[in-house]
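The opening residue of the sequence shown carries number 1 in full-length UniProt numbering; numbering runs sequentially from there.
For every residue, glycine included, the Cβ atom is placed at its ideal position computed from N, Cα and C.
Since the model is a prediction, treat every value here as computed from it, not as a measurement.
Below: the structure, in structure tokens.
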Amino acid sequence: MFSRIFALLQVPKKVEVLAEACMDLLSHQKQLTVGLPPEPREKTISAPLPPEELTKLIYEASGQDISIAVLTQEIVVYLAMYVRAQPSLFVEMLRLRIGLIIQVMATELARSLNCSGEEASESLMNLSPFDMKNLLHHILSGKEFGVERSMRPIHSSTPSPAVSIHEVGHTGVTKTERSGINRLRSEMKQRSSTPSSPTGTSSSDSGGQHMGWGERQGQWLRRRRLDGAINRVPVRFYQKVWKILQKCHGLSIDGYVLPSSTTQEMTQQEIKFAVHVESVLNRVPQPEYRQLLVEAIMVLTLLSDTEMNSIGGIIHVDQIMHMANQLFLQDQVSSGAMDTLEKDQATGICHFFYDSAPSGAYGTMTYLTKAVASHLQELLPNSGCQMQ
């Protein structure tokens, strides 16, 4: 931490670099938020700011914690480096939430190093710039990675903890496969699910890699938490949301209604529309819950490919989520798993549901599809919806 705060002594130079970094990210159409959700604690940067105003905003959003403020500035600078050198890392990301990125970084260190949250936060603050950039890159890349303690050369003068960040063996799971949509599309045409274990995945869920439940545990929860923290969404997600809004009166997300009239005010390809949809999703403070909402919406967007002209009414995405979770719990109870079905206190979602793969007999997409069909039948009691 000493090295990070010491760097703050070079304020004039650092502030100029920070302002340039923000300008680079904004020029690549990437907005920033600093601080942890919800608003107004989490503050959005959507336009260039004078250097002094920028640093003041970050300091306030960091709860006037100088160490968090310095770390936030450092991550902004690294993000700008990556958006210039590897813009492909930021595909389908519109808003980079620095507070949540810091949070998942600390969570990953706590999990990997098997230490307390306080120790993980301290370790994060003391990471060398190289390790910090490496950890950030792995989070952005969407690849599975691990963090281990390692031995530094004896002549090393760095005060940072000795860690090694590395990519975990190739899982064969692409971003598209993570969404489960391709498989769901084919299953909607011809159901051919193979049996799998509760809270697990089928043997083909990860491109042929065979892993036991113990090795898989936490994998999908982590993945959703990471993707939710950096606001990663499936390809053409916002365009698909625009299409589904044309077939209903609106989408209700976390108590806020995204009305169908939005499609009359903004075009399908308009960046303003995408930012508006994302701002609604960003009202959700838990990144893993946000990501499950994205999965539920993706199931709904499949309706845009059907001949159904109008669904009518407002579709309550949260209700669909909780209905899917309840269906999952019913299957788990039937399998005798009552003693292990802990729920997240903030959202009421079962931890195992967060940690289930998208596809497979016990996958989240299976239950979300059933929940969507049930919800639509309530809106259209005579429609005979065929999505189940």
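Residue from the options with nearest C-alpha to residue i
i: glycine 300; options: Tyr289, Val284, Ser252, Met81; result: For the sequence presented, residue 300 should be read as leucine rather than glycine. Ranking Tyr289, Val284, Ser252, Met81 by Cα distance to leucine 300 puts Ser252 first.
i: isoleucine 98; options: Ser310, Val91, Ala61, Ala19; result: Ala61
i: alanine 373; options: Pro51, Ile315, Ser359, Pro87; result: Ile315
i: serine 46; options: Ala324, Val333, Asp65, Ala19; result: Ala19
i: proline 50; options: Glu39, His28, Val17, Thr267; result: Val17
i: glutamine 264; options: Asp344, Val284, Lys243; result: Lys243
i: histidine 138; options: Ser121, Glu148, His166; result: His166
i: leucine 96; options: Gln332, Pro285, Leu32; result: Leu32
i: glutamate 342; options: Ser334, Asn282, Asp305, His351; result: His351
i: isoleucine 349; options: Leu221, Thr366, Thr262; result: Leu221
i: valine 147; options: Asn134, Asn126, Met298; result: Asn134
i: glutamate 92; options: Phe130, Lys240, Leu127, Cys115; result: Lys240
i: methionine 365; options: Val235, His375, Leu329, Ala324; result: Ala324
i: leucine 368; options: Leu57, His322, Asp331, Thr72; result: His322
i: isoleucine 230; options: Ser334, Leu89, Gln64; result: Leu89
i: arginine 232; options: Gln246, Glu288, Thr306; result: Glu288
i: alanine 85; options: Arg224, Ala346, Leu25; result: Leu25
i: aspartate 331; options: Ser310, Leu226, Phe353; result: Phe353
Residues of its chain near residue i, where Cβ-Cβ distance is below 7 Å and the 5 sequence neighbours each way are ignored
i: leucine 124; result: Met105, Ala106, Leu109
i: leucine 329; result: Leu341, Cys350
i: glutamate 278; result: Leu94, Arg95, Asn231
i: glutamine 345; result: none
i: phenylalanine 145; result: His138, Ile165, His166, Glu167, Val168
i: leucine 327; result: Tyr367, Lys370, Ala371
Nonlocal neighbours in the same chain, by C-beta distance under 6 Å from residue i, ignoring five residues either side
i: glycine 35; result: Arg41, Glu42, Lys43, Ala61, Gly99
i: alanine 21; result: Val76, Val77, Ala80
i: threonine 55; result: Val15
i: valine 249; result: The sequence shown places histidine at residue 249, not valine. Excluding sequence neighbours, histidine 249 sits near Ser260, Gly313, Ile314.
i: histidine 28; result: Val83
i: alanine 120; result: Ala106, Leu109, Ala110
i: arginine 290; result: Gly228, Leu281, Val284
i: phenylalanine 237; result: none
i: lysine 143; result: Glu167
i: histidine 375; result: Ile320
i: alanine 69; result: Ile58, Tyr59, Ser62
i: methionine 23; result: Pro48
i: glycine 117; result: Ala110
Contact with chain B by residue i, beta-carbon distance below 7 Å
i: lysine 143; result: In the displayed structure, chain B is absent; only one protein chain is listed.
Unbroken alpha helix (DSSP H) run spanning residue i, endpoints
i: valine 235; result: Element bounds for valine 235: n/a, residue is neither H nor E.
i: leucine 281; result: 271-281
i: methionine 298; result: 287-301
i: aspartate 227; result: 219-229
i: phenylalanine 130; result: 129-141
i: histidine 51; result: It is worth fixing the name first, because residue 51 is proline in this sequence and not histidine. Counting along the chain, the alpha helix (DSSP H) containing proline 51 begins and ends at 51-61.
i: valine 76; result: 66-85
i: glutamate 265; result: 262-265
i: glycine 117; result: 117-125
Check: residue i C-beta below 6 Å from any heavy atom of the ligand MN
i: glutamate 378; result: With respect to the ligand MN, the structure offers nothing, as it holds no ligand at all.
Residues bridged to residue i [DSSP beta-bridge criterion]
i: glutamine 31; result: Arg95
i: histidine 166; result: Gly146
i: threonine 314; result: At residue 314 the sequence reads isoleucine, which differs from the threonine that was named. BP columns for isoleucine 314 point to Gly250.
i: lysine 243; result: Bridge partners of lysine 243: none, in fact.
i: cysteine 350; result: Lys343
Where the beta strand (DSSP E) through residue i begins and ends
i: glutamate 148; result: 145-149
i: lysine 43; result: 43-45
i: proline 259; result: 256-259
Classification of residue i by the beta-carbon crowding that lies within 10 angstroms, buried from 16 upward
i: glutamate 295; result: buried
i: glycine 360; result: buried
i: proline 38; result: exposed
i: threonine 176; result: Annotation note: pLDDT 44 at threonine 176 (below 50); position unreliable, coordinate value reported separately. The residue in question, threonine 176, is exposed, as its Cβ has fewer than 16 Cβ neighbours within 10 Å.
i: threonine 267; result: exposed
i: glutamate 53; result: exposed
i: alanine 371; result: buried
i: tyrosine 362; result: buried
i: glutamine 64; result: exposed
i: proline 358; result: buried
Nonlocal neighbours in the same chain, by C-beta distance under 8 Å from residue i, ignoring five residues either side
i: residue 395; result: The question about residue 395 has no answer here: the residues shown for the chain are numbered 1 through 388.
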